[in-house]
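Numbering (the working numbering), first residue to last: 42 to 381.
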Amino acid sequence: MDDLFLRACRRQPVERTPVWFMRQAGRYQPEYRALREHHGILEICRTPELAAEVTALAVRQLGVDAAILFSDIMVPVAAMGVDLRIEDGRGPVVDSPVRAAADVARVRPLDPAEDVPFVAEAVRILVKELDVPLIGFAGAPFTLASYLVEGGPSRDFVRTKALMLGEPKVWRSLMDRLSSAVLAYLRAQVEAGARAVQLFDSWAGALSPGDYEEHVLPSSRAVLEGLADLGVPRIHFGVGTGELLPLMRDAGADVVGVDWRVPLDVAWDRIGHEAAIQGNLDPAAVLASWDVLRGKALDVLGGAGGRPGHVFNLGHGVLPETSPDTLRRLVDLVHEETAR
Ligand code: CP3
């Protein structure tokens, strides 16, 4: 087992900077698109052999230093009595949104062994097969709540904020249910063999630091601190979270994931150098010419300054327009430039 990625997460010395990509499995791959002609996305997530195949394909093709389980943040929520689907090109859609106490009561607790047995099974297949560590993941309570309350993707999260600020007791009960479920779900992935976890709070950047701290951080902290005894690195990521970085670290992260809006060195100063950092190349840069992409990738490495504790990644997921060959070339570039 090559544990380069795990050592970087622990800020231990590494012989080169490890790389993986959020959404390294997905529509930019012709093989994935071919599989999707015959299988729905949730069907792939719920079929351990298919989920494992898609997960491993990305690792083989790209030469990355970690695998991320192929699934979706809504998979556990769909197993909690919430009727949802994932629409092509749009994202998760919930037809009966959660907007009042009676709706929260419909969100059942999650028993991973009973409700999502296919997830641990996919993890078990992968840990036998892979020679890099597998990252388990979950959506953070706020990001999951945003889909439940809005009923689908949103730009401004107005309904979510209205519930959070207007009905704080109802909000808290929803967040409590979600944090218990997310904790159980992540623990199940680690117990099945995942070597690290990433908590995706993709949309937390919509909040002010004060609202994040009061209404969201306690739930994410319950998840991250509830994993502490397992001893696996905990990565905490969101988009547009420049002002939230110190709080996201305080919630209990070992590694903070940052998007491209904050230069890596500035982000690291905000997080503090007792934590590792993951990021943060703009995914759109991978669509530019090689010279431009190379320059931007070197800027990211320059921001890390060769300090231990940097995991190279994009600032958000791989875009569907991305060329697999360019992504592979980027992995090689990071490896070559950081070899020591
Ligand atoms: O390789 C990997 O990174 C693992 C796969 C993965 C998926 N979803 C598969 C997927 C991961 C880590 C996720 C997490 C996820 N899902 C997040 C958090 C990460 C982020 O991007 O911020 C969020 C917010 C979701 C919700 C969701 N599901 C969205 C916004 C979409 C995209 C809608 C679209 O079509 O553009 C999905 C669908 C989805 N999940 C796809 C994939 C590969 C799209 C392709 C498909 O439908 O097959």
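Just so it is clear, CB atoms sit at the ideal spot from N, CA and C, and this is done for glycine as well.
Should residue i be labelled buried (16 or more other beta-carbon atoms within 10 Å of its own) or exposed?
i    : result
E377 : exposed
L339 : exposed
R191 : In the sequence as presented, Arg is not what sits at residue 191; that position holds Glu. Under this definition E191 is a buried residue.
W331 : exposed
A143 : exposed
H79  : exposed
P324 : buried
P59  : buried
R218 : buried
H351 : buried
A161 : buried
G336 : exposed
V145 : buried
G313 : exposed
P209 : exposed
G343 : exposed
Using C-beta distances below 6 Å, list every residue in its chain close to residue i, excluding the 5 sequence neighbours before and after it, in chain order.
i    : result
G267 : L224
F183 : D242, A245 and V257
E284 : P250
L271 : V231
A107 : F46, W61, V173, P174 and I176
W309 : I318
G293 : R262, L265 and E266
S260 : P182, M216 and S220
Given a cut-off of 8 Å on the beta-carbon distance, is the pair residue i and residue j in contact?
i    : j    : result
M121 : A222 : yes
L83  : A179 : no
V139 : L189 : yes
A326 : L334 : yes
A93  : I176 : no
V238 : R290 : no
V296 : F62  : no
V118 : L185 : yes
V95  : A66  : yes
A317 : E56  : no
V164 : A235 : yes
V341 : L322 : yes
L286 : R311 : yes
L98  : E72  : yes
V104 : R369 : Per the sequence shown, residue 104 should be read as Gly rather than Val. In this structure, R369 lies closer than 8 Å to G104 by Cβ.
T201 : S187 : yes
P153 : A229 : yes
Apart from the five residues just before and just after residue i, which ones in its own chain have a Cβ nearer than 8 Å to its Cβ?
i    : result
G113 : According to the sequence displayed, residue 113 carries Asp and not Gly. If we look at D113 and ignore the five residues flanking it on each side, its Cβ neighbours are I82, L83, C86, I127 and P133.
Q53  : P349
If you drop the 5 nearest sequence neighbours on each side, which residues of the same chain put their C-beta closer than 7 Å to that of residue i?
i    : result
L355 : F62, M63, L322 and P324
H357 : M63, V280, D300 and P324
When every heavy atom of the ligand FMN is checked, does at least one fall within less than 7 Å of the C-beta of residue i?
i    : result
S260 : Looking for the ligand FMN in the displayed structure turns up nothing; the ligands present are the ligand CP3.
Exercise. Would you call the region 124–131 and the region 197–206 in contact, with 3 or more CB pairs under 8 Å?
Worked result: no
For this session: Jot down the residue ranges of each uninterrupted alpha helix (DSSP H) in the region 245–293, minimum 4 residues, whole runs only, in chain order.
Result: 250–256, 258–266 and 286–291
Exercise. Is the number of C-beta pairs between the region 277–285 and the region 239–248 that are closer than 8 Å three or more?
Worked result: yes
For this session: Tell me the start and end of each unbroken beta strand (DSSP E) in the region 107–149 that is at least 3 residues and wholly inside, in chain order.
Result: 125–128 and 132–135
For this session: Please go through the region 81–108 and give each complete alpha helix (DSSP H) segment of 4 or more residues, from N-terminal end onward.
Result: 82–86 and 89–103
For this session: Enumerate, from N- to C-terminal direction, the unbroken beta strand (DSSP E) stretches of 3 or more residues contained entirely within the region 304–366.
Result: 317–322 and 351–355
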